[in-house]
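Visitor: Have a look at this one.
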């Protein structure tokens, strides 16, 4: 029985383990005890206070396997990506170089430093125990955050974004970093990844060149890595595209991984979510139905599970006593439900950035 809930102090050892086993190592989930402890404290503060508009709140969730009695995954929402310091990306652009005298007209691809994503809400820091890969636990952990945002829209921006880890070669090195960042920091990708996780990425933007980077001047390996996700995260990107996210022109300043964005109202989990009063019935009597994400309507005690989307003729959602207990709901209380299945992914570029 799996449930997504807010992280608490006792989850610290599990978060350390998940941070250390993330593939690849995540800048926004450093395997650093003090930083992770600070993250949990910050999250508890965000869940406990009244919020009228997005700011510097971080909401950290964990996925708990209640049968095993252990935390097996974690994921975070940053209410505003650049609340305290600008959230820098590289924006892919096209410059035209032309000369009438020489009858030359060339379109040149460039990367320019940008902090446009700073206002967006960022879904980040997701790590799942490898034993649960390929199961519904992946979607539950990833998309339970959307169920939370749907209930508390005032806490988050209209635009949501996800930055995916970029491509690394067989040695765990980033071709993009080696072609760009290494010239300014004289340090390898893995070392810089650790430093950026313990501190922040803002200092990278302060040292990186402020002028556009002309792609023809980069190595072929670096150009090929721009906007390319790490192979391990290909299924995650596909699911987010199926959810309704679209590729933006922004890529990570560190490894050039893709950044996808979406208006939250256009996402499948928002469009197809519905409130239903609960009807508690023994598990063996529940009719067969497609799985769905079911979330209670409690802030600090938020819970989200996967259960059958079984409705009575009067529109009540029929839950087993076990699921009702986990969600902390009684018969007659309302829960938010959204189908777990998604339509086929459409890999498209944000039309607003064409």
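In UniProt numbering, the protein residues as written are 1 to 354.
Glycine included, each C-beta is placed from N, C-alpha and C at the ideal position.
By Cβ distance, which residues of its chain are closer than 8 angstroms to residue 210, with the 5 residues on each side in sequence left out?
Guide: As a working note, residue 210 is residue 210 in the chain shown. Contacts found: 113.
Visitor: What number of angstroms, rounded off, separates the C-alpha of residue 323 from the C-alpha of residue 247?
Guide: Counting from 1 along the chain shown, the entry for residue 323 is found at position 323. Counting from 1 along the chain shown, the entry for residue 247 is found at position 247. Going by the C-alpha atoms only, they are around 36 angstroms apart.
Visitor: Are residue 263 and residue 342 closer than 8 angstroms when you measure CB to CB?
Guide: Taking the first residue of the chain shown as position 1, residue 263 is located at position 263. Taking the first residue of the chain shown as position 1, residue 342 is located at position 342. Cβ distance not < 8 angstroms, so residue 263 and residue 342 don't count as in contact.
Visitor: Exposed or buried, residue 180, counting other C-beta atoms within 10 Å across all chains shown (16 or more means buried)?
Guide: Position 180 of the chain shown, counting from 1, holds the residue named residue 180. That one is buried.
Visitor: Which same chain residues, not among the five before or five after residue 280, have their C-beta less than 7 angstroms away from its C-beta?
Guide: The residue given as residue 280 occupies position 280 in the chain shown. Excluding positions up to five away in sequence, the list reads 319, 321, 324 and 331.
Visitor: Quick check on residue 77: does DSSP put it in helix, strand or coil?
Guide: The sequence position of residue 77 within the chain shown is 77, counting from 1. Reduced to three states, the DSSP call for residue 77 is strand.
Visitor: Ignore the nearest five residues each way along the sequence and tell me which others in residue 272's own chain have a CB closer than 6 angstroms to its CB.
Guide: Here residue 272 refers to the residue found at position 272 of the chain shown. If we look at residue 272 and ignore the five residues flanking it on each side, its Cβ neighbours are 338 and 339.
Visitor: Go ahead and label residue 354 buried or exposed: buried means 16 or more other beta carbons lie within 10 angstroms of its beta carbon, across all protein chains shown.
Guide: Reading the chain shown from its first residue, position 354 is the one you call residue 354. At residue 354 the pLDDT is 47, less than 50, meaning the model places this residue with poor confidence; the figure from the coordinates comes in the next sentence. Exposed, by the Cβ-count rule.
Visitor: Out of curiosity, what's the CA-to-CA distance linking residue 5 and residue 302?
Guide: Translated into positions along the chain shown, residue 5 becomes position 5. Translated into positions along the chain shown, residue 302 becomes position 302. In a straight line, the C-alpha of residue 5 is about 6 angstroms away from that of residue 302.
Visitor: Since residue 143 and residue 1 are thought to touch, with beta carbons under 8 angstroms apart, how far apart are those beta carbons, to the nearest angstrom?
Guide: In the chain shown, counting from the first residue as 1, residue 143 sits at position 143. In the chain shown, counting from the first residue as 1, residue 1 sits at position 1. Between residue 1 and residue 143 the Cβ distance is about 18 angstroms, and since that is not below 8 angstroms, they are no contact.
Visitor: Would you list the residues sitting across from residue 295 in a DSSP beta bridge?
Guide: Position 295 of the chain shown, counted from the first residue, corresponds to residue 295. Paired residues: 304 and 336.
Visitor: For the beta strand (DSSP E) containing residue 240, name the first residue and the last one.
Guide: Indexing the chain shown from 1 puts residue 240 at position 240. Premise fails: residue 240 lies in the alpha helix (DSSP H), 234 to 243, not in any beta strand (DSSP E).
Visitor: Under 6 angstroms Cβ to Cβ from residue 107, same chain only, skipping five residues before and after it: list those, please.
Guide: Within the chain shown, numbered from 1, the residue matching residue 107 stands at position 107. 94 and 96.
Visitor: Looking at C-alpha atoms only, which residue of 198, 176 and 275 is the closest neighbour of residue 188?
Guide: Walking along the chain shown from the start, residue 188 turns up at place 188. It is 176 whose Cα lies nearest to the Cα of residue 188.
Visitor: If we call anything under 8 angstroms between Cβ atoms a contact, is residue 26 one with residue 125?
Guide: Taking the first residue of the chain shown as 1, we reach residue 26 at position 26. Taking the first residue of the chain shown as 1, we reach residue 125 at position 125. Between residue 26 and residue 125, the C-beta gap is smaller than 8 angstroms, which places the two residues in contact.
Visitor: Which full runs of the beta strand (DSSP E) of 3+ residues lie inside the stretch 128 to 180, going along the chain?
Guide: List check, beta strand (DSSP E) in window: 159 to 163.
Visitor: Compare the Cα-Cα distances from residue 117 to each of 275, 259 and 317 and report the closest residue.
Guide: Taking the chain shown and counting its residues from 1, the one referred to as residue 117 is at position 117. Per the Cα distances, 259.
Visitor: For residue 54, is the classification buried or exposed, using 16 other Cβ atoms within 10 angstroms of its Cβ as the cut-off for buried?
Guide: What you label residue 54 is simply residue 54 of the chain shown in a count that begins at 1. Buried, because 16 or more other Cβ atoms sit within 10 Å of the Cβ of residue 54.
Visitor: Quick check on residue 39: buried or exposed, where buried means 16 or more other Cβ atoms within 10 Å of its Cβ?
Guide: As a working mapping, residue 39 is identified with position 39 in the chain shown. The residue is buried, with at least 16 neighbouring Cβ atoms inside 10 Å.
Visitor: Please return the same chain residues whose Cβ sits closer than 7 angstroms to the Cβ of residue 36, not counting the five positions on each side in sequence.
Guide: Working through the chain shown from its first residue, we reach residue 36 at position 36. Cβ within range, chain order: 12, 15, 16 and 19.
Visitor: If you scan the stretch 209 to 292 from start to end, which runs of the alpha helix (DSSP H) of 4 or more residues do you find wholly inside it?
Guide: 220 to 225, 234 to 243 and 268 to 271
Visitor: If contacts are defined as beta-carbon pairs under 8 angstroms, then residue 251 and residue 89 qualify, I think. What distance do you get, rounded to the angstrom?
Guide: The residue labelled residue 251 in the question sits at position 251 within the chain shown. The residue labelled residue 89 in the question sits at position 89 within the chain shown. Their Cβ separation, rounded to whole angstroms, is 6 angstroms, which keeps residue 251 and residue 89 in contact under 8 angstroms.
Visitor: Buried or exposed: which applies to residue 186, given that a residue is buried once 16 or more other Cβ atoms fall within 10 Å of its Cβ?
Guide: Here the question's residue 186 lines up with position 186 in the chain shown. Exposed, because fewer than 16 other Cβ atoms sit within 10 Å of the Cβ of residue 186.
Visitor: Does residue 192 come out as helix, strand or coil in the three-state DSSP assignment?
Guide: Sequence index remark: in the chain shown, residue 192 carries index 192 (1-based). Helix, per DSSP.
Visitor: For residue 30, does the count of other Cβ atoms within 10 angstroms reach 16, so buried, or fall short, so exposed?
Guide: Sequence index remark: in the chain shown, residue 30 carries index 30 (1-based). Residue 30 is buried by the Cβ-count criterion.
Visitor: Along the chain, where does the alpha helix (DSSP H) containing residue 56 start, and where does it finish?
Guide: Residue 56 sits at position 56 when you count from the first residue of the chain shown. Counted as a single uninterrupted DSSP element, the stretch harbouring residue 56 is not any alpha helix (DSSP H), since DSSP gives it neither H nor E.
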